[in-house]
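Just so you know, the sequences run in chain order A and B.
Per this note's numbering, the first sequence runs over residues 199 to 660.
Per this note's numbering, the second sequence runs over residues 18 to 614.
A short write-up of the structure that comes next.
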Amino acid sequence: MTGVMRNRSARRVSGVDRFLTVIRVVMASLIIIGILAFVAQQIDPNNPFARWRNPGARGLTGDQFKGLLISGLSQGSMYGLIALGYSMVYGVLGFINFAHGEVFMVGAMSGFITSDKLHAAGWWESNFLLSLTVVTLIAIVTSTFTAVITERIAYRPLRNSPRLIPLITSIGVSFFIQNAVMGLLGPATKSYPKLPEWLTTVRSVDLGRVFVWIAGILVVVGLLWYLWRGGSREKDPTADAGELPVSESELPIGEKVGQVAATLGISVPALRWLVSVWIALLLLGFLVPGKVLIFAITGTKITVVTVAAVSMAGLWYLVERTKTGRAMRAVAEDKEIAALMGINVNRIIVVTFAVGGTMAGIGGILWGLLFRSVHHMTGFLPGIKAFTAAVVGGIGNMGGAMAGGLFLGSAESVAPLVLMEPLGIPGVSQLKDAVAFTVLVLVLLFRPAGLFGERLSQEDRA
Amino acid sequence: MTATLAPSGSSVALDWRRALLWGGICALSLVSVSLIGLPVGMNKRILIEPVLSLGYLCLLWIPLVFGYVATTVVVLEGVEARKSGTADLLAGLTAGLMGGIGLTLLMVGLDTVNIRKPLVNWSPQLFRLLTFERGLEFGIPVWLGICAGLGLVGAVLHQLPAVARRVMSWVLFGVMAIAILEAVIDDLAEGFHLEWLTDAMYYKKGGTEGLTVTSAVVLALVLAALPVVTGGRVKAAVDHYRDAPSEDRRRTSLVLFGAIGVACVGLPMILGGIVNELLANVGLFLLLALGLNIVVGLAGLLDLGYVAFFAVGGYTTSVLTSSNSPFFAPEWHFGIALLFVVVMAATAGLVIGAPVIRMRGDYLAIVTLGFGEIVRLLFLSDWLKPYFGGSQGITKVNPVELGPFKVQGSDPRSVFYLVLVFCALAIYVSWRLQGSRLGRAWMATREDEQVAEAMGINTVNAKLMAFVVGATMAAFSGAVLAAKVGSVFPKSFEILVSIIILVVVIVGGMGNIAGVMVGSLVLIGILGGPRQPGLLQEFQSYKLLIYGALLVFMMLKRPEGLVPSARRSRELHQDEYLQDAWLGDDAESEEDQGAPS
């Protein structure tokens, strides 16, 4: 199931392949039938098709559906943050770091301790934002410290071992951290102090208006950026080399687009993406009827999604635009050649773990804000689901990890009521966790390289 | 090609940085162990009355080990080891002393500040334990002295001859083992009517347990004399066994197995109920471990969802034999149910194995983990409640009646015998498979799948067979569990079980039947299974911590396990073997060159 195209013709088609094809067909049909039944149920709950498997069919109201989507996306953004750590470590070292879920838990726990102390001192209520910053910083420090320590003690000696050994070690480390935290802090569930009212109230957000605003801001910022960059390009002496024989207005469109992209400092495909996103925002903002895009979100969820997005942007900047990021990408591609190029591979691996730990720490605080309770086992299941998200998005791929997280979160939220209940399965909320694993199996059956393609070195790809 | 890095025999000046680093880690370990709750939790268990309890032992081993580790010198092949001198003793002393300082700070902290809110074990009990109930003025110098002394002893160990080291380890581990295994030894003595011996050894008054000081001293002397008297004779015997030709070896192995078999059949008659219950547990998990040994150890497939097969076996048996089964209650006999268990297990093995066959090792682990969780969630769900009882499970599973024998949970001896029969079968099957064509196909697939395919092995079929055989063994174990407990609940089939069995297989020795038996006996017997307590009930809360730490330690130091298979050892220490071969060739060629001239 490694999905390397060139092998497919050489492999004989065995009974296993036929069995897997049958499974693919069955799962695909189940999904399609479920979705169709859902659609029928939405159109008319008394429809015989809707009632065929689910006699008590009731349509989901728009608000219910939107609520599911929002909670799915907020949980998914946390999965995405944790998935980034898994993805980076897998890209660089080639094994699943089971202990990463516990790093997330340690962040959440240290956040709890700090917020509890601040609450006892009365500062949590009086300066909430300052307290929150302090809590986040301490959580980041503890998570990063835990990640770096585990790398130093448990993974560095095993750098050259056969692949399963570090994986098994990480399972041991995960157990150890879980139970050490249980021993230190006790097995009771800990709750974060209450969040201020202005954060937790339900707000009505008109996404259509938000989209239009974002489109407008994009235009203004883009124009200013273009003028600033275009202005500085005029002063660039080397730009005189290679004068065009024709005047600018006679250039074909493709060349003009290229020039605009060059002035802005981004690639042409990225420019095309930006323009399409802008057009989509405008269309959604103006053409979709107002009520559809009005969401009722709590301030907490908005915070979660925003902080996750900002962290992701920061990580993107680190990986794509800094020297350390370039070194990280190089080490992920081929450790030996990177070492030959003068990169300190050990240091870069430590940085990778540290960055993953930071993301997990932020995720821990967000979890604490959203669910307000942490337990020494809180890291286990979200950790596994986050790895699933990383695989779904494409292992080794940053954007894929985040997208996979959002996808998994929404699927987990939406699928029980949209897919499973119309198929007649009772008690679907219990099977939420099973949805995540089923998504993993489905993605590995249908598209093993993940939705966005994996980015691994040759040695890990085998 | 030998090089000397330092003039031989000279001792180097003390490396302060290294000693302080190790000392810092020692201090951190001591404080962490105290705050995790190990000393207070284990304090009830007395090893040598009234001197030593398990709680203090949890703290005492740390400076000793760190004193030893801080002064370890890595000896490169061909380089003469530098002699340990006073510098090393100082290093050990420093490491221990810093540990003592750490404890001092902790004691002072306990007295002054109260941070019980996050740190649950920051309690007066810990303070009383650390200060020996006599206050700070007594506690601080005592701990400084003890830690420094133990660090010194650890450093001295390097300078003692090997015999002395062997004597020390015999004495320490022997006395501890005898103290810990008090329940088993008591039972055995009762069976053989040797109560006078155990009454003399153990402190039986007042309901506490543990050795008396005099008996500890006597035992220490006896155990110290043993290695001196037997000398290298045991080692020589083991080497003789290993070098012997295969027929002799096979004869010896058969005799050994026969002896173990007789002991397994005869002992439960003598032992009491508690120990029999423990042995039945050990047997149950041994059966699981044998199955996982085939999947992980022989075929190299890291299956983290192994508990799914365990669940399938348990539920199949319950559904078919219980009167309380919701949907389909035929109430068949256990034997007939076993046939169906085999069929269901094979199906489950195929269904779970087929999608994962072509995946990378890591993905296989996660996907099987996912499958394990899906199976548990399905058994727990309300959707399948009409068939499997949901969270209430299926109760009233009939005890097994095999002719005149009745196997039920209230009679642990009968359960043990049933488990013994299954284990014997599993051991026989594993042993024969290991030497068969299929077993060799598994080992080839484990080492390099592409080369195995190139050699004409059908790796897909081999892997599927591994899953099927492993699943069948796990399902048998599930069937015995259902008969023993009399009911099945989804709570017994969590991922924890898979991981504990994995630890047992790995710590015992992957791919090696004897290793798995030893691992199961030691780990499940002493520490206990996922929900069942072992010999040391006090370990119940810290069991998983020790399992995790043990797994990490074994992976770092000895990944082939306690009783390794020769192949695995060679695989995992390939670099060292290659270097040995390189140096061996060089030494020979030097001799050849040196002789004629």
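Using N, Cα and C, we set each Cβ at its ideal position, and we do this for glycine too.
- Under the Cβ distance rule, methionine 59/B does not count among the residues neighbouring chain A, no pair being separated by less than 8 Å.
- Not a single C-beta of chain B is nearer than 8 Å to the C-beta of asparagine 252/A.
- In summary, the residues of the stretch 580-597 of chain A whose CB is separated from some CB of chain B by less than 8 Å are Ile582, Phe585, Thr586, Val589, in the order they occur in the chain.
- The C-beta separation of glycine 308/B from alanine 491/B comes to about 5 Å, placing the pair in contact by the 8 Å criterion.
- Note on histidine 257/B: under 16 other CB atoms within 10 angstroms of its CB, so exposed under the neighbour-count rule.
- Chain A places a beta carbon closer than 8 Å to that of serine 398/B, counting this residue as a contact.
- Taking leucine 240/B as the centre and dropping the five residues before and after it, the same chain places the C-beta of Trp187, Val188, Gly191 closer than 6 Å to its C-beta, in chain order.
- Measuring C-alpha to C-alpha distances from proline 581/B to each of Gly532/B, Glu593/B, Tyr564/B, Gly565/B identifies Gly532/B as the nearest.
- With 16 or more other Cβ atoms inside 10 Å of its own Cβ, aspartate 379/B counts as buried.
- Comparing C-alpha distances from lysine 264/A to each of Ile541/A, Val543/A, Gly581/A, Ile492/A shows the shortest one belongs to Ile492/A.
- Contact check between the stretch 66-82 of chain B and the stretch 33-51 of chain B: three or more CB pairs, one atom from each, fall below 8 Å, which counts as touching.
- Contact check for leucine 365/A and methionine 557/A: beta-carbon distance about 21 Å, past the 8 Å limit, so the pair fails to qualify.
- In the structure shown, the three-state DSSP call for alanine 328/B is helix.
- Listed in chain order, the positions of the stretch 543-568 of chain B with a beta carbon within less than 9 Å of a beta carbon of chain A are Ser558, Tyr559, Lys560, Leu561, Leu562, Ile563, Tyr564, Gly565, Ala566, Leu567, Leu568.
- Secondary structure of glutamate 97/B (DSSP, three-state): coil.
- Between leucine 579/B and valine 535/B, the CB-CB gap stays under 8 Å.
- Of the candidates Ile541/B, Leu386/B, Met286/B, Val272/B, Met286/B places its Cα closest to the Cα of phenylalanine 209/B.
- Against chain A, a Cβ distance below 9 Å from aspartate 320/B picks out nothing, because the smallest value is about 11 Å.
- Aspartate 465/B is classed as exposed because its beta carbon has fewer than 16 other beta carbons within 10 Å across all chains shown.
- From the listed residues Thr476/B, Phe433/B, Val438/B, the smallest Cα separation to arginine 454/B is found for Thr476/B.
- Separation of valine 505/B and alanine 443/B (C-alpha to C-alpha, rounded to the nearest whole angstrom) is 23 Å.
- Apart from the 5 residues on each side of it in sequence, valine 299/B sits with its Cβ closer than 8 Å to the Cβ of Ser537, Leu538, Ile541, Gly542 in its chain, given in chain order.
- Within the stretch 615-634 of chain A, Ile623, Pro624, Gly625, Gln628, Leu629, Asp631, Ala632 place their CB atoms closer than 7 Å to a CB of chain B, listed in sequence order.
- Serine 515/B has no beta-bridge partner at all, per DSSP.
- Nearest to tyrosine 323/B by alpha-carbon distance, out of Val486/B, Leu273/B, Phe357/B, is Val486/B.
- When DSSP assignments are scanned along the stretch 412-482 of chain B, the uninterrupted stretches of beta strand (DSSP E) that are 3 or more residues long and fall wholly within it turn out to be 417-419, 422-424.
- Across the stretch 384-398 of chain B, CB contacts with chain A closer than 8 Å involve Val384, Leu386, Gly387, Phe388, Glu390, Ile391, Leu394, Leu395, Leu397, Ser398, in sequence order along the chain.
- When DSSP states are grouped into helix, strand and coil, lysine 388/A belongs to the strand group.
- When rounded, the separation of the alpha-carbon atoms in proline 507/B and serine 308/A is 33 Å.
- Close to glycine 378/B, with beta-carbon spacing below 7 Å, are these residues of chain A in chain order: Arg361, Leu362.
- DSSP places serine 465/A outside any beta strand (DSSP E), giving it a letter other than H or E.
- Proximity of proline 355/A to chain B, defined by a Cβ-Cβ separation below 8 Å, is satisfied.
- Between glycine 591/A and phenylalanine 644/A, the C-beta gap is not smaller than 8 Å, which leaves the two residues out of contact.
- In the three-state scheme derived from DSSP, where H, G and I count as helix and E and B as strand, phenylalanine 493/A is classed as strand.
- Glutamate 150/B carries a coil assignment under DSSP once its states are collapsed to helix, strand and coil.
- Beyond the five residues adjoining it in sequence on each side, asparagine 293/B comes within less than 6 Å, by CB distance, of Pro285, Pro429, Arg430, Phe433 in the same chain, given in chain order.
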